[in-house]
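In the numbering used here, the protein residues as written are 4 to 287.
A short write-up of the structure that comes next.
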Amino acid sequence: MEIRELARGDWPEQLLEIPQPPERLWVMGSLPPEGTKLLTVVGSRAMTRYGQEACEKLITGLAGYPISIVSGLALGVDTCAHKAALAAGLHTLVVPGSGLNDDVLYPRSNRAFAKKILEAGGGFLSEFPPDAASRAHFFPQRNRIMVGLSNAVLVIEAGPKSGTLITARLASEYNRDLLCIPHRIGDAHAFGPHLFVRLGATLVTEPLHILEALGIPPRETSATSAPQDLEGVELSVWNLLEEPKSRDEILREVAGGAGEVLTALVALELRGLAREEFGSWHRV
4 MEIRELARGD
14 WPEQLLEIPQ
24 PPERLWVMGS
34 LPPEGTKLLT
44 VVGSRAMTRY
54 GQEACEKLIT
64 GLAGYPISIV
74 SGLALGVDTC
84 AHKAALAAGL
94 HTLVVPGSGL
104 NDDVLYPRSN
114 RAFAKKILEA
124 GGGFLSEFPP
134 DAASRAHFFP
144 QRNRIMVGLS
154 NAVLVIEAGP
164 KSGTLITARL
174 ASEYNRDLLC
184 IPHRIGDAHA
194 FGPHLFVRLG
204 ATLVTEPLHI
214 LEALGIPPRE
224 TSATSAPQDL
234 EGVELSVWNL
244 LEEPKSRDEI
254 LREVAGGAGE
264 VLTALVALEL
274 RGLAREEFGS
284 WHRV
């Protein structure tokens, strides 16, 4: 796909606000549509299963809203965020630590995935010349672009030596809302999120919290009408949850094997349609 230099008059306005704006920008694919809010998602390359589930759940719950997911295409949380955005039908914007030519795009292992992002209507943005191979100092440079673009920054995981800590600090310096998910006490990946929550970051446990940070009013939904695409065991579970039910009650009352029922519960939760609180499942 064609790589073009972006005329300064076409730059995202947020980038002009940061202390050290880029001198030039190249773009490939499509930038977020006008009126779209940008959520930058960052975290560890050594992503845990918990981090993956949290990332997927939160982004899935943003489906249908005017939001673009911004990240850096790195392995781990970045890739998870881009994939979750595509699965949810959201625009996603990649800010790599390299130029945009296919032979230098970093990381090499994600070049096939990069083509899928473009095919889905996503875009790539870089301040580095198209033929610039990645360098260690490119990554902190591009992080300021990711933060500068954003309306809010979501931290999934960050250990004590993670580069994500630098990105999170930039969010504070650039006056962007910083959002963090909770972790278990003692989890090494919790260091960054828990540190920044103590310093005033917003704790995020559901998509609604992200919508609040972005200033997007949630859609009004009917608790009595099931989404049209629900069927089979998922629809049976949805119908049963007209009143809160424990997991054991759901397993007893819904026809089907335990595996099917539990899979349906997870699917409903990932879509933001059901949630377990205080031992009972209920509709969201």
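Built from N, CA and C at the ideal position, the CB exists for glycine as well.
Fill in: Extent of the continuous alpha helix (DSSP H) to which Arg111 belongs
Careful: Arg111 lies outside any alpha helix (DSSP H) and carries neither H nor E.
Discussion item. I'd like the list of long-range same chain contacts for Leu271, defined as Cβ closer than 7 Å, with 5 residues on each side in sequence excluded.
Written reply: Excluding its 5 nearest sequence neighbours in each direction, Leu271 has C-beta neighbours in its own chain below 7 Å: Glu237, Val240, Trp241 and Ala277, listed in chain order.
Worksheet entry | For His140, the three-state DSSP class (helix, strand or coil) | coil
Practice prompt. Kindly indicate which three-state DSSP category Ala171 falls into: helix, strand or coil?
Written response: helix
Fill in: contact_flag[the segment 149-161, the segment 111-127] where n(CB pairs < 8 Å) is 3 or more
no
Fill in: Burial state of Ala216, where buried means 16 or more other Cβ atoms lie within 10 Å
When all chains shown are included, Ala216 counts as buried.
Discussion item. Below 8 Å on the Cβ atoms is my contact criterion, and I expect Arg145 with Gly195 to pass it. Report the Cβ-Cβ distance as a whole number of Å.
Written reply: No, Arg145 and Gly195 are not in contact; Cβ-Cβ is about 19 Å, not under 8 Å.
Discussion item. Rounded to whole angstroms, what is the Cα-Cα separation between Arg261 and Arg286?
Written reply: Checking the sequence shown, residue 261 turns out to be Ala, not Arg. So the alpha carbons of these two residues sit roughly 20 Å apart.
Worksheet item: From Gly67 to Leu103, what distance separates their C-alpha atoms?
Response: 29 Å
Worksheet item: Where Asp13 and Trp29 are concerned, what is the direct C-alpha to C-alpha distance, given to the nearest angstrom?
Response: 11 Å
Worksheet item: Measuring CA to CA, which of Gly75, Asp180, Arg250 and Glu8 is closest to Pro132?
Response: Glu8
Worksheet item: Which class does Ser239 belong to by DSSP, given the choice of helix, strand or coil?
Response: helix
Worksheet item: Per DSSP, Asp180 is paired with what?
Response: Partner(s): Ala155.
Fill in: Cβ-Cβ separation, Thr167 to Gly46 (assumed contact under 8 Å), whole Å
6 Å
Item to complete: Kindly identify the DSSP beta-bridge partner or partners of Glu280.
Response: Ser283
Worksheet entry | Local conformation of Ser225 per DSSP, three classes | With a pLDDT of 49 at Ser225, under the threshold of 50, the predicted position of this residue should be treated as unreliable, though the coordinate-derived value follows. Correct three-state label for Ser225: coil.
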